[in-house]
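Asker: The structure's right below; bear with me while I get my questions together.
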Amino acid sequence: TLKAENAETEFSVSGTVLGKRNVPRFVSIDKFMIDMVPSKYMAFFRYKDVPGRIGIIGTILGRNNINIANMQVGRKKIEGDAMTAINTDSPIPEEVMEEIRQQLGIEEARFIEL
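If you want it as structure tokens, here you go:
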């Protein structure tokens, strides 16, 4: 588990290695249960869990010709917050991330390129 914090926020990621091939996996992000193999391009979205949110993310990425390779959704409780973790085949430009933030009405949306 890796944990980072400052006076305003806290972030944690937990992982494991599975199988004969020792495949690394994220198993928890900010205490949301996620099962995700790290990849070169990843995006993470935290939002209020209501119908239609995943569709908004997929529609915006598709409209911008960004293919979703894998998607995992974790939540702590019904009608609480949810975390969507996505692997993509290409980078997600900041203007696309900003469009997703605006459409979902959220601030927590991060793209990571390894």
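What the sequence shown shows, in the working numbering, is residues 2 to 115, in sequence order.
We put the CB at the ideal spot given by N, CA and C, even for glycine.
Once DSSP output is grouped into helix, strand and coil, what is the label at L105?
Answerer: As a position in the sequence shown, residue 105 is number 104, starting the count at 1. Reduced to three states, the DSSP call for L105 is helix.
Asker: Would you mind stating whether R22 and V38 have Cβ atoms separated by less than 8 Å?
Answerer: In the sequence shown, residue 22 corresponds to position 21, counting from 1. In the sequence shown, residue 38 corresponds to position 37, counting from 1. No.
Asker: Q104: which of I58, M43, A8, F12 sits nearest, CA to CA?
Answerer: Here the question's residue 104 lines up with position 103 in the sequence shown. Q104 has its Cα closest to that of I58, out of I58, M43, A8, F12.
Asker: By Cβ distance, which residues of its chain are closer than 6 Å to D90, with the 5 residues on each side in sequence left out?
Answerer: Against the sequence shown, residue 90 aligns to sequence position 89. So the list reads N68, A70, once near-sequence residues are dropped.
Asker: Buried or exposed: which applies to F12, given that a residue is buried once 16 or more other Cβ atoms fall within 10 Å of its Cβ?
Answerer: For the purposes of this step, residue 12 is taken as residue 11 along the sequence shown, with counting starting at 1. F12 is exposed by the Cβ-count criterion.
Asker: Identify whether R64 lies in helix, strand or coil by the three-state DSSP scheme.
Answerer: Counting from 1 along the sequence shown, the entry for residue 64 is found at position 63. In this structure, R64 counts as helix in the three-state DSSP scheme.
Asker: Can you tell which of D31, R111, K49 has its C-alpha closest to the C-alpha of G16?
Answerer: The residue you call residue 16 lines up with position 15 of the sequence shown. Checking every option, the nearest Cα to that of G16 belongs to D31.
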